[in-house]
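A.B. asks: Counting from 1 along the sequence shown, just add 838 to a position and that's the residue number in my numbering.
Before I ask anything, let me first share the structure, which is written out below as structure tokens.
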Amino acid sequence: MKILLTGVNGQVGWELQRSLAPLGEVIAADRNVLDLADTAAIRRAVAAIAPNLIVNPAAYTAVDKAESETGLAHAINAAAPRELAACGIPLVHFSTDYVFDGHKAGAYTEDDTPSPLGVYGASKLAGEQAVQRGGIPHLILRTSWVYGLRGRNFLLTMQRLARERESLAVVDDQFGAPTWSRLIAEATALTIARWLDRPDQTATSGVYHLSCDGRTSWHGFAAAILAQLAREDTKLAQLTAIPTSGYPTPAPRPANSQLDCGKLAATFGVRLPDWEAALALCLGDNVPRSTQ
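Structure below.
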């Protein structure tokens, strides 16, 4: 099987290169091969590669910048998935917890009605809907609070700032589940293998939530990161909790974006561990030393 993988320089895309390898030949497409902002060229590029499966973790993820770059956000997050779906090839597409407004008290299920607060969430929801309208076998995997050991993400930012500053103020009234990019990739590969093993992929096509178990705030996530760092470095910033109103941003964030992942577990037998266990697994011996 030939698998076209987009967004290979992103956190999830980078990990998927390795995780998808046992399933077939992975064609890792960066922007030079497949520029998702150029929707007119997408079908030509896919036709030239001729894959049996497309996996699309690529996205415009600058949540605040999207408020002023609406056209680019929708081109990559909405128009590009529409064009990929129009190629008529089975598609695995990634989406986000930010399709929800955060007003629900408990974890969101796939049956809850999306209501995004900002341009980023709205563009990702439009991409989901475009894939669903495409009439192809598809999986739409919503994940949350993605972090890893490369690129730009909350984990690496907190590790850096904890050593650079005397104090850190982090929001404590937004809740969700931090999810390691490598676990997303491994769970995706396992889900795809089980999905393709079924005689009719359309029977289980649809939206699935894929994130770590449990729930915390950004402050709770930061505290866990600093606790890991404290094993190696005793001179760290003092962490304080602040409300969302104390850290205004161009794009509003959902107060609660915890995802219920029971559907994925029931359908494919795939479930990620608790977010704290995943963070410990991610860091392990990979906690950056202060001398590096």
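Virtual Cβ for every residue (Gly too), placed ideally from N, Cα, C.
Would you mind stating whether Leu922 and Thr981 have Cβ atoms separated by less than 8 Å?
C.D. replies: By one-based count along the sequence shown, residue 922 stands at place 84. By one-based count along the sequence shown, residue 981 stands at place 143. Contact flag unset, no.
A.B. asks: Give the secondary structure of Thr1054 by DSSP, where H, G and I count as helix, E and B as strand, and everything else as coil.
C.D. replies: Numbered from 1 along the sequence shown, position 216 holds the residue referred to as residue 1054. If DSSP states are grouped into helix, strand and coil, Thr1054 belongs with the strands.
A.B. asks: Tell me whether Arg980 sits in a helix, a strand or coil according to DSSP, three-state version.
C.D. replies: The sequence position of residue 980 within the sequence shown is 142, counting from 1. If DSSP states are grouped into helix, strand and coil, Arg980 belongs with the strands.
A.B. asks: Consult DSSP for Ile892 and reduce its assignment to one of helix, strand or coil.
C.D. replies: Along the sequence shown, one-based indexing puts residue 892 at 54. Strand at Ile892.
A.B. asks: Can you tell me where the beta strand (DSSP E) holding Phe932 begins and where it ends?
C.D. replies: Counting from 1 along the sequence shown, the entry for residue 932 is found at position 94. Its beta strand (DSSP E) spans residues Leu929 to Thr934.
A.B. asks: Among Val969, Phe992, Thr1054 and Tyr946, which has the Cα closest to the Cα of Ala916?
C.D. replies: Indexing the sequence shown from 1 puts residue 916 at position 78. Considering only alpha carbons, the answer is Val969.
A.B. asks: Considering only DSSP beta bridges, list what Leu843 is partnered with.
C.D. replies: Working through the sequence shown from its first residue, we reach residue 843 at position 5. In the DSSP output, where bridge partners are listed per residue, Leu843 has Ala866 and Val893.
A.B. asks: Consult DSSP for Gln1076 and reduce its assignment to one of helix, strand or coil.
C.D. replies: As a first step, residue 1076 must be located in the sequence shown, where it is residue number 238. Strand.
A.B. asks: Secondary structure at His912, three-state DSSP: helix, strand or coil?
C.D. replies: Position 74 of the sequence shown, counting from 1, holds the residue named residue 912. DSSP places His912 in helix when its eight states are reduced to three.
A.B. asks: Considering just the uninterrupted stretch of the alpha helix (DSSP H) at Ser857, what are its terminal residues?
C.D. replies: Counting from one through the sequence shown, the residue named residue 857 turns up at place 19. Annotation for Ser857: the continuous alpha helix (DSSP H) segment containing it runs Gln849 to Ser857.
A.B. asks: Pull up the CB-CB distance for Val850 and Pro895, whole angstroms please, since I reckon it's below 8 Å.
C.D. replies: Taking the first residue of the sequence shown as position 1, residue 850 is located at position 12. Taking the first residue of the sequence shown as position 1, residue 895 is located at position 57. So it is a contact: roughly 4 Å between Cβ atoms.
A.B. asks: Given a cut-off of 8 Å on the beta-carbon distance, is the pair Ala1079 and Asp1010 in contact?
C.D. replies: Here residue 1079 is taken as the residue at index 241 of the sequence shown, counted from 1. Here residue 1010 is taken as the residue at index 172 of the sequence shown, counted from 1. A contact, by the Cβ cut-off of 8 Å.
A.B. asks: Do you know how far the Cα of Gly1044 is from the Cα of Leu843?
C.D. replies: Here residue 843 refers to the residue found at position 5 of the sequence shown. Here residue 1044 refers to the residue found at position 206 of the sequence shown. Cα-Cα distance, rounded: 19 Å.
A.B. asks: Along the chain, where does the beta strand (DSSP E) that runs through Gly1100 open and close?
C.D. replies: Counting from 1 along the sequence shown, the entry for residue 1100 is found at position 262. Note, Gly1100: premise wrong, no beta strand (DSSP E); alpha helix (DSSP H) at Gly1100 to Phe1106.
A.B. asks: At the level of alpha carbons, what is the spacing between Thr877 and Ser1005?
C.D. replies: One-based indexing of the sequence shown puts residue 877 at position 39. One-based indexing of the sequence shown puts residue 1005 at position 167. Their Cα atoms are separated by approximately 44 Å.
A.B. asks: In angstroms, rounded to a whole number, what distance separates the CA positions of Gln1130 and Asn991?
C.D. replies: Against the sequence shown, residue 1130 aligns to sequence position 292. Against the sequence shown, residue 991 aligns to sequence position 153. Confidence in Gln1130 is poor, its pLDDT being 29 and thus under 50, which makes the residue's placement too unreliable to answer from.
A.B. asks: For Leu955, I'd like the list of residues in its chain whose CB is within less than 8 Å of its CB, leaving aside the five on either flank, ordered along the chain.
C.D. replies: By one-based count along the sequence shown, residue 955 stands at place 117. The answer, listed in chain order, is Tyr936, Asp939, Gly940, Ala1089, Pro1090, Arg1091 and Pro1092.
A.B. asks: Can you tell me whether DSSP reads Thr951 as helix, strand or coil?
C.D. replies: Against the sequence shown, residue 951 aligns to sequence position 113. Thr951: coil per DSSP, three-state reduction.
A.B. asks: Is it a yes or a no for the region 1095–1105 touching the region 942–956, going by three-plus beta-carbon pairs under 8 Å?
C.D. replies: yes
A.B. asks: What is the DSSP secondary structure of Ser1083, reduced to helix, strand or coil?
C.D. replies: As a working note, residue 1083 is residue 245 in the sequence shown. In the structure shown, Ser1083 sits in a helix (DSSP, three-state: H, G or I).
A.B. asks: Do Ser1055 and Phe1013 have their C-beta atoms closer together than 8 Å?
C.D. replies: Along the sequence shown, one-based indexing puts residue 1055 at 217. Along the sequence shown, one-based indexing puts residue 1013 at 175. Yes, these two residues count as a Cβ contact at 8 Å.
A.B. asks: Contact check, Ala914 vs Leu854 under 8 Å by CB: the rounded distance?
C.D. replies: As a first step, residue 914 is located in the sequence shown; it is residue number 76 there, counting from the start. As a first step, residue 854 is located in the sequence shown; it is residue number 16 there, counting from the start. Note on identity: in this sequence residue 914 is Ile, with Ala being the wrong assignment. Contact between Ile914 and Leu854 fails: their C-beta atoms lie close to 17 Å from each other, not under 8 Å.
A.B. asks: Whole-angstrom Cβ separation of Trp1033 and Leu977, contact assumed at under 8 Å?
C.D. replies: Your numbering for residue 1033 matches position 195 in the sequence shown. Your numbering for residue 977 matches position 139 in the sequence shown. So it is a contact: roughly 6 Å between Cβ atoms.
A.B. asks: Based on DSSP bridge pairs, tell me the residues matched to His1047.
C.D. replies: For this step, residue 1047 is matched to residue 209 along the sequence shown. Arg980.
A.B. asks: Which residues mark the beginning and the end of the alpha helix (DSSP H) in which Ser906 is found?
C.D. replies: In the sequence shown, counting from the first residue as 1, residue 906 sits at position 68. Note, Ser906: premise wrong, no alpha helix (DSSP H); not H, not E.
A.B. asks: Name the two residues that bound the continuous beta strand (DSSP E) containing Ala883.
C.D. replies: For this step, residue 883 is matched to residue 45 along the sequence shown. Per DSSP, Ala883 belongs to no beta strand (DSSP E); it is in the alpha helix (DSSP H), Thr877 to Ile887.
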